[in-house]
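For the sequence shown, the working numbering gives the first residue as 31, with consecutive numbering after it.
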Amino acid sequence: MTATEFTYIFIATLALNSLAKLWLARRHLAHIAAHRAAVPEAFCEKIQLADHQKAADYTSAKTRFTMFSMLFDIVLLLSFTLAGGIQFVAEVCQGWFNAPLAQGVATIVIVLLLSSLLEAPLNLYRTFVIEARFGFNKTTLRLYLIDAVKGLLLAAILGLPLLSGVLWLMERMGTYWWLYVWLVWVVFNLLILFIYPTFIAPLFNKFTPLQDEAMEARIEALLSRCGFATQGLFVMDGSKRSAHGNAYFTGFGKTKRIVFFDTLLERLSGNEVEAVLAHELGHFKRRHVMKRIAITFAMSLAFLWLLGLLMQTGWFYQGLGVTTPTTALALLLFFMVLPTFSFLLHPLLSAYSRKHEFEADNYAASQTAPADLVNALVKMYQDNAATLTPDPLYSSFYDSHPPAVVRIAHLQAQ
Ligand SMILES: [Zn+2]
């Protein structure tokens with residue numbers, strides 16, 4: 031393949047999947063607008079028209095914003111690649127450092143910093159305009175900036191040694207470098223999963239053991255009924271940043287814990303909390319967490335192997351606007367253009383995730399009353415202003431959870 035041919039393939043793929051994304055988003059907007067006037071029949075006793083319309087407006091606002099940020103990202107991607115942005119940064123770094131490893135790390139870090147800086151206005155708009163307009167934003171500009179600084183420091187502490195190690199292995203390990211890099215990546219990820227609950231998450235939120243004794247007794251009973259051992263039940267001060275509520279499991283092995291957002295506990299009854307927890311337990315019981323980790327690792331192995339092939343060609347670099355090939359630039363270019371070429375994995379991964387959600391719902395329905403989970407879901411949809419009427423095609427492409435109507439019908443059939 032020649033560099034020019036690859037440039038055309040890249041542009042054509044980018045154009046096709048951007049058009050597909052815009053088309054899906056337009057469908058989604060039209061579907062929501064067409065169903066805005068009335069609450070779907072299955073929910074008419076549980077959800078007020080005003081809440082339904084708020085969900086429609088909120089979802090539409092977010093979808094329009096996603097369309098805009100997608101166009102922005104295309105401009106950014108083309109500026110870094112075809113317009114020579116990466117090449118320019120690489121040349122500047124070659125002037126600053128002598129060692130190739132230092133040049134490589136600096137180039138990648140500067141490109142990543144530049145793109146987060148350029149994306150910053152979009153993120154600020156999402157939090158302080160869209161989320162605020164619908165009453166969800168609880169964060170202050172001060173807290174937002176503190177979070178950003180903490181995130182940056184954390185990325186530097188964890189990311190710089192990893193990046194240097196990866197580039198070193200790519201240079202030194204010959205043909206099979208991708209296997210060594212993959213092993214490092216796997217160990218790094220497992221380590222992060224392990225330290226996340228106890229070291230990383232507490233940097234951003236406060237976790238207090240669940241104080242409510244009656245609730246604790248119920249939950250302990252459910253856990254022992256399901257044969258589940260955990261290092262504790264915690265309440266997280268999610269309300270510090272956002273009014274959205276959730277519950278999740280985190281860590282594995284000895285650090286495994288269950289976390290409830292304070293916003294969720296305030297809203298759900300004891301039975302409903304138990305049902306939500308049973309759903310989360312279902313994900314563990316059906317080994318979804320392990321399966322998801324295994325798939326991610328398998329995909330990263332395939333991607334690294336592919337990168338190993340691509341970086342030996344000239345067209346990969348030149349076709350993407352880089353005239354002086356280096357290991358670091360191969361890594362950077364690859365992960366920048368990967369989303370463009372792996373676009374069609376989206377619907378597959380979403381479908382796989384929805385399959386898991388049904389299985390977890392089945393498990394919850396076998397351990398608690400299905401009606402409790404239904405009621406909890408309705409409250410969560412309402413509180414998060416999640417639309418009840420997504421476009422079916424849009425939903426099947428993107429949604430990790432089945433649409434409300436389908437999911438609740440499935441539970442009611444249990
Ligand atoms: Zn789930």
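Where a beta carbon is used, it is the ideal one built from N, C-alpha and C, also for glycine.
Cα-Cα separation between N414 and G165, rounded to whole angstroms: Near 10 Å, if we compare the C-alpha coordinates of G165 and N414.
Alpha carbon to alpha carbon, how far is R384 from V436? Give it in angstroms, no decimals. Per the coordinates, the alpha-carbon of V436 lies some 11 Å from the alpha-carbon of R384.
At least 3 beta-carbon pairs within less than 8 Å: the region 277-296 vs the region 333-347: No, the region 277-296 does not touch the region 333-347.
Tell me whether K51 is buried or exposed, calling it buried when 16 or more other Cβ atoms sit within 10 Å of its Cβ. Burial call: buried.
Report yes if the CB atom of L263 is closer than 9 Å to the CB atom of E246, and no otherwise. For L263 and E246, yes; Cβs fall inside 9 Å.
Rounded to a whole number of angstroms, what is the C-alpha to C-alpha distance between N153 and R172? Between the alpha carbons of N153 and R172 lies a gap of roughly 15 Å.
Using C-beta distances below 6 Å, list every residue in its chain close to L240, excluding the 5 sequence neighbours before and after it, in chain order. Apart from sequence neighbours up to five positions away, the residues of its chain that approach L240 with a beta-carbon distance below 6 Å are E246, L263, V265, ordered along the chain.
Taking the Cβ atom as the reference point for each residue, do L142 and L197 lie within a distance shorter than 9 Å? Annotated as distal: L142 and L197, with beta-carbon spacing of 9 Å or more.
For M341, is the classification buried or exposed, using 16 other Cβ atoms within 10 angstroms of its Cβ as the cut-off for buried? By the neighbour-count criterion, in which a residue is buried when 16 or more other Cβ atoms sit within 10 angstroms of its Cβ, M341 is buried.
If you follow the beta strand (DSSP E) that R322 is part of, which residue opens it and which one closes it? No beta strand (DSSP E) holds R322; the alpha helix (DSSP H) holding it covers 318-340.
For my contact list, R248 and E304 are in at a C-beta cut-off of 8 Å; report their separation, rounded to the angstrom. With a Cβ gap of about 6 Å, R248 and E304 count as contacting.
Best match in A60, D87, I104, V69 for proximity to I41 [C-alpha to C-alpha]: That would be I104, whose Cα lies nearest to the Cα of I41.
I'd like to check one pair, T417 with T89: are the Cβ atoms closer than 9 Å? Their beta carbons are under 9 Å apart, which means T89 touches T417 by this criterion.
Is H309 near ligand 1, in the sense that its beta carbon is under 8 Å from a heavy atom of that ligand? It does: the Cβ of H309 is within 8 Å (strictly closer) of some heavy atom of ligand 1.
Whose CA, out of E75, L193, K84, M203, lies closest to the CA of R66? With distances taken between Cα atoms, R66 lies closest to K84.
Please determine, among I438, T419, L350, L378, the residue with the shortest C-alpha to C-alpha distance to T34. Closest option to T34, Cα to Cα, is L350.
What does DSSP give as the partner residue(s) for N167 in the beta ladder? Paired residue(s): S272.
Quick check on the DSSP output: the beta strand (DSSP E) that includes F237 runs from which residue to which? From DSSP, the beta strand (DSSP E) with F237 extends over 237-239.
Compare the beta carbon distance of L223 and I323 with 9 Å and say whether it is the shorter of the two. At a Cβ-Cβ threshold of 9 Å, L223 and I323 count as neighbours.
Is the region 314-321 touching the region 66-82 in the sense that three or more CB pairs, one from each, lie closer than 8 Å? Contact between the region 66-82 and the region 314-321 is absent, with fewer than three C-beta pairs closer than 8 Å.
Per-residue DSSP class, three states only, for L252: In the structure shown, L252 sits in a helix (DSSP, three-state: H, G or I).
Could you tell me the boundaries of the beta strand (DSSP E) in which R287 lies? Counting along the chain, the beta strand (DSSP E) containing R287 begins and ends at 287-291.
N- and C-terminal bounds of the beta strand (DSSP E) containing A277: Residues 277-280.
Using the Cα positions of L199 and V214, report the straight-line distance between them to the nearest angstrom. So the two alpha carbons sit approximately 10 Å from each other.
In this structure, does DSSP put M200 in helix, strand or coil? Helix at M200.
Between A406, I160, E250, P232, which lies nearest to L184 when the distance is taken from Cα to Cα? Nearest of A406, I160, E250, P232 to L184, Cα basis: P232.
Let me know if K409 comes out buried or exposed under the rule of 16 or more other beta-carbons within 10 Å of its beta-carbon. Burial state of K409 is buried, judged by a 10 Å Cβ sphere holding 16 or more other Cβ atoms.
I need the boundaries of the alpha helix (DSSP H) containing M97, first residue and last residue. The continuous alpha helix (DSSP H) containing M97 extends over residues 79-110.
Could you compute how far the alpha carbon of F118 sits from the alpha carbon of L148? One C-alpha to the other measures close to 17 Å.
Pick from Y155, A360, A178: whose alpha carbon is nearest that of N167? Comparing Cα-Cα distances from N167 to each of Y155, A360, A178, the minimum goes to Y155.
Shorter than 8 Å, the distance from the beta carbon of H61 to the closest heavy atom of ligand 1, or not? At a threshold of 8 Å, H61 does not count as near ligand 1, since its beta carbon sits no closer than that to any of the ligand's heavy atoms.
Regarding E302 and ligand 1, is the C-beta to nearest heavy atom distance less than 8 Å? The answer is no for E302.
Assign F388 to one of three DSSP states: helix, strand, or coil. Looking at F388 - three-state DSSP - the assignment turns out to be helix.
Can you tell me the Cα-Cα spacing of A68 and N276, whole angstroms? About 27 Å.
Considering Cα atoms alone, identify which of F98, I62, A113 is closest to Q348. Ranking the options by Cα distance to Q348, first place goes to A113.
Is DSSP giving V303 helix, strand or coil here? If DSSP states are grouped into helix, strand and coil, V303 belongs with the helices.
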